[in-house]
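Since the structure comes first, as structure tokens, the remarks are kept for the end.
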Amino acid sequence: MAMDSLSVLLLYPVNAYLEQELDRRFSLLRLWEHSPPDSLFRAHGSAIRAVVGYPGHKVDAALLDALPSLEIFSSFSVGIDHVDLSECRERGIRVTNTPDVLTDDVADLAVGLAIAALRKIRQADRYVCAGLWKAKGDYTLTTRFSGKRVGIIGLGRIGLTVATRVEAFDCPVNYYQRTKKEYPNYTYYPSVVELAANSDVLVVACPLNEQTRHIVNREVIDALGPKGVLINIGRGPHVDEPELVSALVEGRLGGAGLDVFEDEPNVPEALFTLDNVVLVPHVGSGTHETRQAMADLVLGNLEAHVLKKPLLTPVV
């Protein structure tokens, strides 16, 4: 079967290179060009055999019902919490994601957020730009990152890469996940609360599922405490956001570096004025290099599917 006969639906304009290559290699439909979407499904629903999406769009029974000929969903992400996997399994729909290629960038950002939060880089930058260095003199002292105890929730690909990064800063590494592994240099804690109590910086790096939703709750935040810093490069719902906001506002938590939020792009405005947080707009994998590699994986999985070759990164 020719590539260009594969009808692909792109749910969102997530990456210019990906869109251009999908258009070049396949028969591409763009969901956002059709209003309401139902008009697209009525006209083309039975022809669409592949969907490309990302975490902002749910792939659920309602979408699958509208696409009776769907064979494969290729996600432009490593996390697949936006996909109803059991529904896909039941209908024989294959699912792929983009692991590995974004590991380094997300780990880099985690370390960057930790240093930025402890050394108050964002606030110090504002201090200079507002002319306060000249007017008021030296900036306030901040907190060292080197040697801090770093706790990691989830020593998967990204968690392990964060661990190797922070080892270079002489940081002892602690971790929690469902099963203890043999990592002689890292200390395992059997609960997130114990991990938080024994860490200065707590990094959320696990996949999002029902077990890990709100894995960072009030108890965990209080265990991390008024000198502790929370770094979230996982997913927003890993953290009970109202509890996080109140802990930061009340000073029960020392600081936070956040790449993800519960209801993106809506960020709690109470965070905007705090001087102990660093906020970035879900940019963990947002480098030119990684986004191209992610796009190439999406394209490679679709081509493998058409050619009846093994998928490069199958989830289902």
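The numbering of the sequence shown is our numbering, which starts it at -2 and goes up by one. Every residue gets a Cβ at the ideal spot worked out from N, C-alpha and C, and that includes glycine.
Exercise. Work out the CA separation of Ser282 and Ser196 for me, nearest whole Å.
Key: 26 Å
Practice problem: Below 8 Å on the Cβ atoms is my guess for Leu26 versus Ser43; work out the distance and round it to an integer in Å. | Solution: Not a contact, Cβ separation roughly 13 Å.
Exercise. Taking Arg86 as part of the alpha helix (DSSP H), name the residues at either end of that continuous run.
Key: 82 to 88
Exercise. Measure from the alpha carbon of Ile150 to the alpha carbon of each residue in Pro34, Gln208, Val56, Ala63, then state which is nearest.
Key: Gln208
Exercise. Can you give me the Cβ contacts of Glu238 inside the same chain, cut-off strictly under 6 Å, excluding the 5 residues immediately before and after it?
Key: Glu259
Quiz item: At which residue ranges does the stretch 225 to 291 contain complete alpha helix (DSSP H) runs of 4 or more residues, listed in the order of the chain?
Solution: 238 to 247
Exercise. Could you give the DSSP three-state label for Ala47: helix, strand or coil?
Key: strand
Practice problem: Could you spell out the range, first to last residue, of the alpha helix (DSSP H) harbouring Gly109? | Solution: 100 to 116
Quiz prompt | Which listed residue (Val75, Pro65, Gly76) has its alpha carbon closest to that of Gly89 | solution = Pro65
Self-check item: the stretch 118 to 127 touching the stretch 208 to 221, judged by at least three CB pairs closer than 8 Å
Solution: no
Exercise. With a 10 Å radius around its C-beta and 16 neighbouring C-beta atoms as the bar for buried, classify Arg232 as buried or exposed.
Key: buried
Practice problem: Taking 9 Å as the cut-off, decide whether the C-beta atoms of Leu8 and Val49 are in contact. | Solution: yes
Quiz item: Considering only residues of the same chain and omitting the five flanking positions on each side of Asn298, which have a CB-CB separation below 6 Å?
Solution: Ser71, Thr93, Leu308, Leu309
Self-check item: Closest by C-alpha distance to Ile218, when choosing among Arg249, Asp20, Val200
Solution: Arg249
Quiz item: Do Gln174 and Gly144 come within 9 Å of each other at the CB atom, strictly closer than that value?
Solution: no
Quiz item: Does the Cβ of Lys387 have 16 or more other Cβ atoms within 10 Å, making it buried, or fewer, making it exposed?
Solution: Nothing in the structure corresponds to residue 387, since the chain is present only between -2 and 313.
Practice problem: Just mark Pro181 as buried or exposed, buried being the case when its beta carbon has 16 or more other beta carbons within 10 Å. | Solution: exposed
Quiz item: According to DSSP, which residues form a beta bridge with Val5?
Solution: Leu25, Ala47
Practice problem: Have a look at Leu157, Gly134, Phe38 and flag the residue whose alpha-carbon is nearest the alpha-carbon of Asp97. | Solution: Leu157
Exercise. Please check the pair Tyr183 and Ala160, which I expect to be a contact at CB under 8 Å, by giving their CB distance rounded to whole angstroms.
Key: 6 Å
Exercise. May I have the straight-line CA-CA distance separating Gly148 from Arg22, to the nearest angstrom?
Key: 44 Å
Exercise. Could you tell me if Asn263 is buried or exposed, where buried requires 16 or more neighbouring beta carbons within 10 angstroms of its beta carbon?
Key: exposed
Quiz item: Which parts of the stretch 179 to 211 are runs of the beta strand (DSSP E), unbroken and 3 residues or longer, counting only runs that do not cross its ends?
Solution: 183 to 185, 198 to 201
Quiz item: Under three-state DSSP, which class holds Ile218?
Solution: helix
Self-check item: Simplified DSSP state of Val159, which is helix, strand or coil
Solution: helix
Quiz prompt | alpha helix (DSSP H) segment containing Phe38, residue limits | solution = 34 to 41
Quiz item: Can you tell me the Cα-Cα spacing of Glu87 and Arg162, whole angstroms?
Solution: 41 Å
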